[in-house]
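Counting in UniProt numbering, the sequence shown runs from 1 upward without gaps.
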Amino acid sequence: MPPEKAPAKYRQIADHLRKGILDGTYPAGQPLPSEEILAKQFGVTRPTVRQGIAELRAAGLVEVMMGRGMFVRSPHSRPSLTRPRGVRRTSEGRYVEADGLRWDDAEEPVATRTDAPLALADLLRIPPGEPLYTYDALQTADRGRLRQLHRTYVPFSVLIDTKYEDQAPPPAPRLYAALAELGHELHFIEYLRPRMPLPDQAHALRLPDGVPMFHVLRVTLDETGRPLALEEFHLPGDDLELAYPLLDTK
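Right under this line is the structure:
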């Protein structure tokens, strides 16, 4: 039986650093040894070191900061930001985000007409292809430190026989007040999943290589459970956790 072939040098470097990150030898937020030091340690060229580091970046374990070096992103560390999710109603009757953050649009959202794709039509319980009012916004909070992509969808059929039949309603969250004024009692449900961002999403959210994002779909329903609108959020998944209240229905 032939002897097993030794792993490629770049793989040895990646495995060595991965082990050190996971066992705490290299703590989260701390710099890794430089390319020069790793090249000498393993007897390789710096391009080989970069190939090993690329594996760790793709896995979300290392972040490379231009001019500063390579820094650890440990999967065991607690995120620096916890955001409560959901919508609550104030004593004045206003609907506000549970996280209490003030989100500003990079540009004023403009309503466009789109047709409901199959997946969203299913959540909205409308036929695929039904026209929707759609708003897109890049939003920031905390003086630009926090970022999210936010899209609002409102089916035309929800607006029949209302003042919005011939004009676009406002985007969420102002949409909530508009729907309440039409006599709806609002309820909300969210669907959450992590996924890797598309290139334009990674650029807008300023995500490092190998970092996933949260994809959240929020459906606004009336008192009968009929969907009235849908929102789509894309949130950075690098240093953020989301918190949801769980209600005892007994």
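Note that beta-carbon positions come from the ideal geometry of N, C-alpha and C, so glycine has one too.
Look at residue 165 here: in three-state DSSP terms it is coil, with no helix or strand label. Secondary structure of residue 152 (DSSP, three-state): strand.
No Cβ-Cβ contact shorter than 8 Å links residue 152 with residue 106.
DSSP places residue 159 within a helical segment (H, G or I) once states are collapsed to three. Pairing residue 142 with residue 205, the inter-Cα distance amounts to about 14 Å. For the beta strand (DSSP E) assignment, the uninterrupted runs of no fewer than 3 residues enclosed by the region 49 to 83 are, from N- to C-terminal side, 62 to 65 and 69 to 72.
Distance from the CA of residue 179 to the CA of residue 10, rounded to the nearest whole angstrom, comes to 57 Å.
The three-state reading of DSSP puts residue 99 in coil, since its state is none of H, G, I, E or B. Judged by DSSP in its simplified three-state form, residue 23 adopts coil rather than helix or strand.
Residue state for residue 184 is assigned as coil, using DSSP reduced to three classes.
Assignment of residue 193 by DSSP, reduced to helix, strand and coil, places it in the strand class.
Residue 207 and residue 236 have their C-alpha atoms some 7 Å from each other.
Contact annotation: residue 210 and residue 57 have beta-carbon atoms nearer than 8 Å. Following the DSSP letters along the chain, one finds residue 124 inside the alpha helix (DSSP H) bounded by residues 118 to 124. Under a 10 Å Cβ-count criterion, residue 169 is classified as buried, with 16 or more other Cβ atoms of the shown protein chains found around its own Cβ. Residue environment: residue 171 is assigned as buried (16 or more neighbouring CB atoms within 10 Å of its CB, all protein chains considered). In this structure, DSSP gives residue 177 a helical state, which the three-state scheme calls helix. When the beta-carbon positions are compared, residue 126 and residue 155 come within less than 8 Å of each other. Under the DSSP assignment, residue 30 falls outside any beta strand (DSSP E); it carries neither an H nor an E label. In its chain, beyond the 5 residues on either side, 95 have a beta carbon closer than 6 Å to the beta carbon of residue 89. Comparing alpha-carbon positions, the option among 191, 138, 164 and 103 lying closest to residue 181 turns out to be 164.
The Cβ neighbour count for residue 244, taken over all protein chains shown within 10 Å, is under 16; the residue is labelled exposed. Put simply, the backbone Cα of residue 120 is about 30 Å away from that of residue 81.
Non-local beta-carbon contacts of residue 216 in its own chain, meaning distances under 6 Å to residues more than five positions away in sequence, involve 190, 192 and 233 in chain order.
Shown here, residue 172 sits in coil according to DSSP, grouped into three states, outside any helix or strand. Beta-bridge analysis with DSSP links residue 220 to 188 and 229.
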